[in-house]
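Below: one structure, written as structure tokens.
2 protein chains.
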Amino acid sequence: MSHTLGIRQAQKQKTRQALLDAALGLLEEQSLSSLGLREVTRAVGVAPTAFYRHFRSTADLGVALVEEALGSLHPMIEDTVSTAGDSDERIVRAVELIARHVGTHPAHVRFIARERHGGVQPVRDAIREQLARFAEEVGHALAEHPEYAGWSEDDLLMLAGLYVDHMLMAASAFLEALDGSGAERERVARVASRQMRLISIGRRHWLG
Amino acid sequence: MSHTLGIRQAQKQKTRQALLDAALGLLEEQSLSSLGLREVTRAVGVAPTAFYRHFRSTADLGVALVEEALGSLHPMIEDTVSTAGDSDERIVRAVELIARHVGTHPAHVRFIARERHGGVQPVRDAIREQLARFAEEVGHALAEHPEYAGWSEDDLLMLAGLYVDHMLMAASAFLEALDGSGAERERVARVASRQMRLISIGRRHWLG
DNA sequence: AATTCCGGAGAACAGTTGTTAACTGCATGG
DNA sequence: CCATGCAGTTAACAACTGTTCTCCGGAATT
Numbered sequence: 001m002s003h004t005l006g007i008r009q010a011q012k013q014k015t016r017q018a019l020l021d022a023a024l025g026l027l028e029e030q031s032l033s034s035l036g037l038r039e040v041t042r043a044v045g046v047a048p049t050a051f052y053r054h055f056r057s058t059a060d061l062g063v064a065l066v067e068e069a070l071g072s073l074h075p076m077i078e079d080t081v082s083t084a085g086d087s088d089e090r091i092v093r094a095v096e097l098i099a100r101h102v103g104t105h106p107a108h109v110r111f112i113a114r115e116r117h118g119g120v121q122p123v124r125d126a127i128r129e130q131l132a133r134f135a136e137e138v139g140h141a142l143a144e145h146p147e148y149a150g151w152s153e154d155d156l157l158m159l160a161g162l163y164v165d166h167m168l169m170a171a172s173a174f175l176e177a178l179d180g181s182g183a184e185r186e187r188v189a190r191v192a193s194r195q196m197r198l199i200s201i202g203r204r205h206w207l208g
Numbered sequence: 209m210s211h212t213l214g215i216r217q218a219q220k221q222k223t224r225q226a227l228l229d230a231a232l233g234l235l236e237e238q239s240l241s242s243l244g245l246r247e248v249t250r251a252v253g254v255a256p257t258a259f260y261r262h263f264r265s266t267a268d269l270g271v272a273l274v275e276e277a278l279g280s281l282h283p284m285i286e287d288t289v290s291t292a293g294d295s296d297e298r299i300v301r302a303v304e305l306i307a308r309h310v311g312t313h314p315a316h317v318r319f320i321a322r323e324r325h326g327g328v329q330p331v332r333d334a335i336r337e338q339l340a341r342f343a344e345e346v347g348h349a350l351a352e353h354p355e356y357a358g359w360s361e362d363d364l365l366m367l368a369g370l371y372v373d374h375m376l377m378a379a380s381a382f383l384e385a386l387d388g389s390g391a392e393r394e395r396v397a398r399v400a401s402r403q404m405r406l407i408s409i410g411r412r413h414w415l416g
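Quick mapping for you: the protein sequence lines, in order, are chains A and B.
If you read the first sequence in this note's numbering, its first letter stands for residue 1, the second for the next number, and so on.
If you read the second sequence in this note's numbering, its first letter stands for residue 209, the second for the next number, and so on.
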């Protein structure tokens, strides 16, 4: 039951979002640790001091960006993993879905890939936590499939981590190929699919 | 035939190395894109203008750091891949070797992981090129093994890329666990080994 | 022994940064 | 309708940035 926002709070969230958007744009060619607060406010067209009404620091803004970039992705994950079809179909579909997501949210993907190992600890921690949640969810979704009967929880989490890491790898590869030719993007998709398929084969023969 | 350096050039290389070392140290808690030239010279105890005698910019210094961090790693790679022993032994040895390297060169590993997707394009390019060379070398080393008879060059490169990516993943995971307990490091090593083993199983069943 | 070369120092430049304080105007709750 | 709250503004602060130009002292060359 979301209360209808007063025009007061609505305005506030609007500039807050403008700050986030501007920051995301500026981060396409630099890292968060070099992003200046004034730089962001200037891009929005607002006074530098207004920044403090929304974020304590640029690191704080970064954590909010992590939420924005990864928070809304959880339903998509579960859908993909628990979808029907044989292994190869699922892989192709997953890779397609990653490619599509990179196409529609390139700045978000770039931000996550860049700041996952970036120079701002709170942001690194936030990303690590979200990715761990992803892995956990993937693990639970896999556990539903009959093919994973007999798998220990440990092994499931190990595999889930492998999948999550490779989703990011593939996403980053797609990102690098975004400005390239269509043929190059196709090549990236084929390599990512084959790598996933190899992992999938390993998974199938893991027990015994 | 390396000519004995004059005390002139020797001094120069010494301060150059001091600049590289200082930069690497400063980069432990920030990204290259926020590293200031003055910051580096201050840490060395040298005038800001001296920086220009060695590097055009901090980005240029970053490229030099890539060379330092990855350039000396090629012999190690080949040794590891082409070493004898069964698959599991090789995996355990490789993981151990990664853990040891992270222990002795943490700053280098952190730099590569951070700047691989970082905000400075020339550095990203340099890292990508070096990693591509690694993958190529790994692919050629694998081709020597009889187990890979019948593998296409394409598939070999795909697998090599998978290995290289996971070496970096494992290295980064070890890095995060460096300040943690010994038990945590052990856990990281076990997960990395199991993931590598799963990939190895997939590799064994790849054909047919 | 005289001259050239060159790594580094010093000072100054315009421009930038984060943060503080005191303010203004308007939506809000009583 | 009036008083309060609060998003955003303005001005100023010391500190910092990259870059240029001029200079120095000692090694290298002849």
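Each residue gets a CB set at the ideal place from its N, CA and C atoms; glycine is no exception.
Leaving aside the five residues that flank His316(B) on each side, the residues in its chain whose CB is nearer than 6 Å to its CB run, in chain order, Ala277. For His117(A), the three-state secondary structure derived from DSSP is coil. Contact annotation, Ser34(A) with Ser241(B): C-beta distance approximately 4 Å; criterion of less than 8 Å satisfied. Annotation for Ser380(B): Val317 and Ala321 place their beta carbon closer than 8 Å to its own, counting only its chain and skipping 5 residues before and after. Going by DSSP, Val164(A) is part of the alpha helix (DSSP H) stretching over Glu153 to Glu176. Take Ala141(A), set aside five residues on each side of it, and the residues of its chain with a beta-carbon closer than 6 Å to its own are Glu78, Val81 and Ser82, in chain order. For Thr312(B), the enclosing alpha helix (DSSP H) begins and ends at Ser295 to Thr312. Taking a Cβ-Cβ cut-off of 8 Å, the neighbours of Arg402(B) in chain A comprise Asp155 and Met158, given in sequence order. Assigned with DSSP and collapsed to three states, Leu35(A) falls in coil, not helix or strand. Taken in chain order, the members of the stretch 318-350 of chain B whose beta-carbon sits within less than 7 Å of a beta-carbon on chain A are Ala321, Arg322, His325, Gly326 and Gly327. With the rule of 3 Cβ pairs closer than 8 Å, the stretch 53-65 of chain A does not count as touching the stretch 141-157 of chain A. Any Cβ of chain A closer than 8 Å to the Cβ of Trp359(B) would place that residue at the interface, and such an atom is absent. Along the stretch 29-44 of chain A, going in chain order, the ones with a CB nearer than 7 Å to a CB of chain B are Glu29, Gln30, Ser31, Ser33 and Ser34. Within a 10 Å sphere around the beta-carbon of Tyr371(B) sit 16 or more other beta-carbons, which makes this residue buried. Taking a C-beta distance under 8 Å as the contact criterion, Leu159(A) and Trp414(B) do not qualify as a contact pair. Near chain B, meaning a CB-to-CB distance below 7 Å, the residues of the stretch 169-193 of chain A are Met169, Ser172 and Val191.
Legend: CB atoms of the stretch 52-67 of chain A lying less than 8 Å from CB atoms of chain B are not found in any residue. Leu364(B) and Ala351(B) do touch by the CB rule: their CB atoms are close to 6 Å apart, below 8 Å.
Residues of chain A with a Cβ closer than 9 Å to the Cβ of Asp373(B) are, in chain order, Asp165, His166, Met169 and Gln195. Shown here for Arg411(B): same chain residues with a beta carbon closer than 8 Å to its own, the five before and five after excluded, namely Leu367 in chain order. Met284(B) and Val310(B) have their C-alpha atoms spaced approximately 14 Å apart. For Leu24(A), no chain B residue has a C-beta closer than 9 Å to its own C-beta; the minimum C-beta separation is roughly 13 Å.
Here the stretch 393-407 of chain B does not lie against the stretch 210-229 of chain B, with fewer than 3 beta-carbon pairs under 8 Å apart.
For a Cβ distance threshold of 9 Å, residue set Leu406, Ile409 and Gly410 of chain B lies close to Arg203(A), ordered along the chain.
Neighbours of Gly369(B) across chain A, judged by C-beta separation under 8 Å: Val191 and Gln195. Rounded to the nearest angstrom, the Cβ distance from Glu237(B) to His282(B) is 29 Å, too far for a contact under 8 Å. Its Cα nearest to that of Arg128(A), the residue Ala385(B) stands out among Val274(B), Leu232(B) and Ala385(B). If you draw a 10 Å sphere on the C-beta of Ser72(A), you find fewer than 16 other C-beta atoms in it, and that means exposed.
In the three-state reduction of the DSSP assignment, Gln30(A) falls in the coil class, being assigned neither a helical nor a strand state.
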